[in-house]
């Protein structure tokens with residue numbers, strides 16, 4: 001019995017490490033993107049907006065090198081980081097055969113998607 005318990009603990013630790021790693025990478029990428037936008041804004045002496053543009057406008061602005069759009073991409077990256085972490089967790093639970101926690105993670109994923117979708121309206 002103790003070997004089963006050790007295996008579950010090991011799986012749980014690996015899952016926590018994986019989720020933490022996804023969150024860490026997402027945060028670092030988002031901060032790097034925003035830093036680029038902020039540096040460009042300072043160099044060009046442009047003010048940054050107080051609101052976030054629509055994703056299509058952000059994509060167009062990035063192509064043009066607009067600091068506002070680059071900072072917007074960083075903000076979107078921060079918003080999507082928990083989504084990515086939850087997706088990784090759901091997949092890991094599914095692969096481990098834990099359908100109940102995979103379904104719960106899927107439900108959290110759906111709630112995050114609805115929340116993100118509503119925030120973009």
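Numbering (this note's numbering), first residue to last: 1 to 121.
C-beta atoms are modelled at their ideal positions from N, C-alpha and C, and glycine is treated no differently.
Only a predicted model underlies this, so the values are computations on that prediction, with no experimental measurement involved.
message = Any contact between the region 28 to 42 and the region 68 to 82? By contact I mean 3 or more CB pairs, one from each, below 8 angstroms.
response = yes
query = Straight-line CA distance for residue 31 to residue 74?
reply = For the purposes of this step, residue 31 is taken as residue 31 along the chain shown, with counting starting at 1. For the purposes of this step, residue 74 is taken as residue 74 along the chain shown, with counting starting at 1. Each residue's Cα considered, the two are about 7 angstroms apart.
request  = Ignore the nearest five residues each way along the sequence and tell me which others in residue 62's own chain have a CB closer than 7 angstroms to its CB.
outcome  = Numbered from its first residue, the chain shown carries residue 62 at position 62. Counting only Cβ-Cβ distances below 7 angstroms, and skipping sequence neighbours, we find 69, 70, 73.
message = Ignoring anything shorter than 4 residues, give me the alpha helix (DSSP H) runs that lie fully in the region 14 to 67, in order along the chain.
response = 55 to 63
ask   = Can you tell me the Cα-Cα spacing of residue 5 and residue 13, whole angstroms?
value = On the chain shown, position 5 is the one that residue 5 refers to. On the chain shown, position 13 is the one that residue 13 refers to. Here the model assigns residue 5 a pLDDT of 43, short of 50, so the residue's position is not dependable, and the following value carries that caveat. Between residue 5 and residue 13, the C-alpha separation is close to 12 angstroms.
request  = Please determine if the region 83 to 90 and the region 42 to 59 are in contact, where contact requires at least 3 C-beta pairs separated by less than 8 angstroms.
outcome  = no
ask   = Mind checking residue 77: buried by the 16 CB within 10 Å criterion, or exposed?
value = Working through the chain shown from its first residue, we reach residue 77 at position 77. Looking at its Cβ environment, which holds 16 or more other Cβ atoms inside 10 Å, residue 77 is buried.
ask   = Under a three-way DSSP split, which group does residue 98 fall into?
value = Along the chain shown, one-based indexing puts residue 98 at 98. Residue 98 falls in the coil class under three-state DSSP.
ask   = How many angstroms separate the CA atom of residue 81 from the CA atom of residue 15?
value = Residue 81 sits at position 81 when you count from the first residue of the chain shown. Residue 15 sits at position 15 when you count from the first residue of the chain shown. Answer to the nearest angstrom: the Cα atoms are 16 angstroms apart.
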